[in-house]
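Asker:
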Amino acid sequence: MPFGHDMVHALATVVELINTSPSTGGDDGLATLADLQSFVESREVSGISTLTPRDLGQVRIVREAFHRVFVAPDQPSAVRTLNSLLSETRITPRLTEHDGHPLHVHYFAPDATLAEHLAADCGVALAHLLVEGEHERLRTCSAPDCEHVFVDESRNRSRVYCDSRTCGNRMHVAAYRARRRG
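Here the sequence shown is numbered in my numbering, starting from 2 and rising by one per residue.
(1) Can at least three beta-carbon pairs, one atom from the stretch 89-96 and one from the stretch 33-48, be found at a separation below 8 Å?
(2) With distance defined between alpha-carbon atoms, name the residue in S47, A35, L119 and R160 nearest to P54.
(3) Mind the definition here: the stretch 117-129 touches the stretch 153-166 only if three or more C-beta pairs lie below 8 Å; say whether that holds.
(4) So V161 is in the alpha helix (DSSP H); what residue range does that whole segment cover?
(5) Let me confirm a value: T51 is counted as buried when at least 16 other C-beta atoms fall within 10 Å, else exposed. Which label applies?
(6) With a threshold of 7 Å on Cβ separation, who are the neighbours of I19 within its own chain once the five nearest residues in sequence on each side are excluded?
(7) Starting from V132, follow its DSSP beta bridges and name the residues at the other end.
As structure tokens, this is what we get:
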């Protein structure tokens, strides 16, 4: 998947956002404004000033909409869900360079809230993925005790675990031990 910096960054951001959800099997990673601020800083979300409790609520709603895109049973369902989210988002494409990143496109309106910013930039990245017929790259971890999502960027679309160092390693060790016992 040869995507530019902005698309790779947006896809990683949407994955990290979704994986803060209790819907993915853990605690709410966006329980407080401090959590949201940490997310904004770690993902280098530009153009965001003061965050409010309203921002936190709106981002949680966008997070769940993105999660529904990832777990959609087929591409038409994912498209409907994403179109619904995008239809409520002001999109204003513009070229920009900032923070040492090369020229790239931002899709959020200049005065967008954080939720609009994420919905626009991450939504358009997902839209490009769907347009390319790559819905099957939107995955949920195959480890039985993990529901995290990821984008399978492998050449042959063979990735099955959200993280090879944790879930992948744990499952491989379990399979090895089962073979040794049996």
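A virtual CB, placed ideally from N, CA and C, is assigned to each residue, including glycine.
Answerer: Judging by the given coordinates:
(1) Verdict: no, contact absent.
(2) A35
(3) The way I'd put it, the stretch 117-129 doesn't touch the stretch 153-166; fewer than three beta-carbon pairs between them come closer than 8 Å.
(4) Segment: none, V161 is in no alpha helix (DSSP H) and carries neither H nor E.
(5) exposed
(6) Excluding its 5 nearest sequence neighbours in each direction, I19 has C-beta neighbours in its own chain below 7 Å: T25, R64, F67, H68, F71 and V150, listed in chain order.
(7) Bridge pairing for V132: absent [DSSP].
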